[in-house]
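If you want our numbering, it's the 1-based position in the sequence shown plus 29.
Have a look at the structure below, then the notes.
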Amino acid sequence: MPPLDRLSPLLERFRVRTRLFHNGPLCGTTVFPASGGHGFLHVLRRGEMEVTHRRADGGTEREVITRPSLLFFPRPIDHSFLNAPTDESDFACATLDFDGGATHPLVRTLPSSIVLPLDEVETLSPALDLMFSEVDNVRCGRPLVADRMFEVVLIQLLRWMLDHAERLDLPPGLIPGLADERLAPALVAVHEAPGEPWTLESLARTANMSRSAFAARFKEVLGRSPGDYLTEWRLTIAQEQLRAGMSVSAVAAELGYASSSAFSRVFTQRIGHSPRTWLTLAA
30 MPPLDRLSPL LERFRVRTRL FHNGPLCGTT VFPASGGHGF LHVLRRGEME
80 VTHRRADGGT EREVITRPSL LFFPRPIDHS FLNAPTDESD FACATLDFDG
130 GATHPLVRTL PSSIVLPLDE VETLSPALDL MFSEVDNVRC GRPLVADRMF
180 EVVLIQLLRW MLDHAERLDL PPGLIPGLAD ERLAPALVAV HEAPGEPWTL
230 ESLARTANMS RSAFAARFKE VLGRSPGDYL TEWRLTIAQE QLRAGMSVSA
280 VAAELGYASS SAFSRVFTQR IGHSPRTWLT LAA
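Structure (structure tokens):
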């Protein structure tokens with residue numbers, strides 16, 4: 030049996046796009062504002078620096094980075110780097126745009142920032158070598174290749190997070206769920222086929238667990254019931270499909286609802302507006 034692919038069903042439905050915007054030294058204080066609406070992925074190749082960013086509670090957090098590191102800010106957040114005025118401080122920086130923004134399933138479960146020394150992620154080395162070979166040399170298609178390589182680096186980072194979720198001390202959510210070998214098969218099945226008539230029994234069977242054990246473990250690791258998660262996943266997809274121009278009836282049918290009215294009722298209860306009203310407000 031091939032290994033379980035925990036990322037592709039998510040990233041195929043909800044893409045992430047990266048764009049290189051800086052390569053080389055950063056000297057003094059450099060501010061990266063949240064106002065642009067982007068996440069950020071920075072690679073400190075050489076040098077040392079102090080990074081400052083806003084916490085969710087409004088406070089300020091400072092950290093001194095002394096090793097080549099990857100700095101990941103999945104959501105728009107004000108942060109700044111303080112570097113000594115030396116050419117030894119060398120960066121590559123990219124913006125991140127997740128489909129759905131803050132509603133992207135992975136973005137919702139990630140911490141506001143992750144700082145990871147490069148030598149702790151062995152699988153990053155080949156991708157970084159290829160990325161830097163592109164950003165350091167002016168060749169045909171360089172911007173396109175550099176942007177794609179940042180996407181590869183991000184996927185390698187997400188793989189590492191799934192394999193080392195316990196080190197990140199994450200709250201209950203999707204990353205811990207996908208990292209749980211018992212729950213992951215059921216989550217992947219829901220992500221791949223959201224319109225199937227899933228029940229607690231069929232999900233538990235996919236996880237090879239009893240209904241009671243599955244329900245308790247799911248609530249503990251993801252912080253919500255299997256039924257609530259299924260509804261949230263379907264509605265997250267529905268919002269993207271409505272934005273893309275699909276009709277309410279087509280979205281309802283694809284996501285397994287018995288009728289447009291049944292879908293609209295659930296959408297209104299969870300989102301606070303009917304699908305058509307929400308689409309008008311989101312435009």
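Cβ coordinates follow ideal geometry from the N, Cα and C atoms, glycine included.
Here the structure is a predicted model, which is why all the values come from computation and not from measurement.
Cα-Cα, which of the options is closest to residue i?
{"i": "I94", "options": "M78, H51, L145 and L199", "result": "M78"}
{"i": "L187", "options": "H71, I204 and R211", "result": "I204"}
{"i": "V217", "options": "A242, S293 and P255", "result": "P255"}
{"i": "T58", "options": "L264, G252, H82 and R272", "result": "H82"}
{"i": "D209", "options": "V219, E195, E90 and T265", "result": "E195"}
{"i": "G53", "options": "N166, P140, E230 and S141", "result": "N166"}
{"i": "A233", "options": "E225, L191 and A242", "result": "A242"}
{"i": "L73", "options": "G66, P97, G65 and L55", "result": "P97"}
{"i": "L310", "options": "I143, C56, R272 and Q298", "result": "R272"}
{"i": "E374", "options": "E180, T89, L159 and V144", "result": "Absent from the structure is residue 374, since the part of the chain shown begins at 30 and ends at 312."}
{"i": "T152", "options": "V182, Q298, S290 and V144", "result": "V182"}
{"i": "V295", "options": "D86, M238 and T260", "result": "T260"}
{"i": "V150", "options": "H193, G301 and G66", "result": "H193"}
{"i": "D257", "options": "G274, Q298, D86 and T306", "result": "Q298"}
{"i": "F102", "options": "A312, R84 and W227", "result": "R84"}
{"i": "H51", "options": "H302, L147, P172 and S290", "result": "P172"}
{"i": "G274", "options": "A312, G87, I184 and F43", "result": "A312"}
{"i": "R44", "options": "G87, I184 and G301", "result": "I184"}
In the DSSP output, what is residue i paired with across the bridge?
{"i": "I94", "result": "M78"}
{"i": "V60", "result": "S109"}
{"i": "V45", "result": "F127"}
{"i": "T341", "result": "Residue 341 is absent from the structure shown; the chain starts at 30 and stops at 312."}
{"i": "F101", "result": "L70 and I143"}
{"i": "A121", "result": "N52 and V72"}
Answer with yes or no whether the minimum CB distance from residue i to chain D is below 8 Å.
{"i": "G65", "result": "Reference to chain D is not applicable here, since this structure consists of a single protein chain."}
Just to check my reading of the structure: residue i and residue j have Cβ atoms closer than 8 Å, yes? What is that Cβ distance to the nearest angstrom?
{"i": "A121", "j": "V164", "result": "6 Å"}
{"i": "R75", "j": "T124", "result": "Going by Cβ atoms, the distance from R75 to T124 rounds to 22 Å, so no, they are not a contact pair."}
{"i": "Q268", "j": "T138", "result": "About 17 Å separates the two Cβ atoms, so there is no contact after all."}
{"i": "L199", "j": "P140", "result": "7 Å"}
{"i": "A236", "j": "R253", "result": "Not a contact, Cβ separation roughly 16 Å."}
{"i": "D126", "j": "A63", "result": "Wrong, their Cβ atoms sit about 14 Å apart, outside the cutoff."}
{"i": "H71", "j": "L100", "result": "4 Å"}
{"i": "P38", "j": "E221", "result": "5 Å"}
{"i": "E90", "j": "V144", "result": "Not quite, the Cβ-Cβ distance comes to about 11 Å (not below 8 Å), so this is no contact."}
{"i": "G9", "j": "T265", "result": "With the chain running from 30 to 312 in the structure shown, residue 9 is simply not present."}
{"i": "S118", "j": "L55", "result": "6 Å"}
By Cβ distance, which residues of its chain are closer than 8 Å to residue i, with the 5 residues on each side in sequence left out?
{"i": "A213", "result": "L33, R35, G206 and L207"}
{"i": "S109", "result": "T58, T59, V60, F61, V80, T81 and H82"}
{"i": "S288", "result": "A281"}
{"i": "D176", "result": "R46, T47, R48, L49 and A123"}
{"i": "F292", "result": "A267, V277, V280, A281, L284, Y286 and P304"}
{"i": "V250", "result": "P201, P205, G206, D209 and L212"}
{"i": "L308", "result": "L271 and R272"}
{"i": "G65", "result": "P105 and T124"}
Sorted by chain position, which residues of the same chain lie with C-beta nearer than 6 Å to residue i's C-beta, five sequence neighbours on each side aside?
{"i": "R263", "result": "P223 and L284"}
{"i": "E225", "result": "none"}
{"i": "A215", "result": "L232, T235 and A236"}
Grab me the residues of residue i's own chain with a C-beta within less than 7 Å of its C-beta, minus the 5 sequence neighbours each way, in chain order.
{"i": "R313", "result": "A question about residue 313 goes unanswered here, because the residues of the chain that appear run from 30 up to 312."}
{"i": "M190", "result": "L197 and I204"}
{"i": "M178", "result": "A156, L159, M160 and E163"}
{"i": "K248", "result": "S254"}
{"i": "R240", "result": "L229, E230 and A233"}
{"i": "W227", "result": "V219 and L259"}
Exercise. Of all the alpha helix (DSSP H) runs that stay within the bounds of the segment 149-231, which reach a length of 4 or more residues?
Worked result: Look at the segment 149-231 and you find these whole runs of alpha helix (DSSP H), each 4 residues long or longer: 153-164, 171-192, 194-197, 203-208 and 213-221.
Exercise. Unbroken alpha helix (DSSP H) runs of length 4 or more, entirely within the segment 225-267: which are they?
Worked result: 229-235 and 240-251
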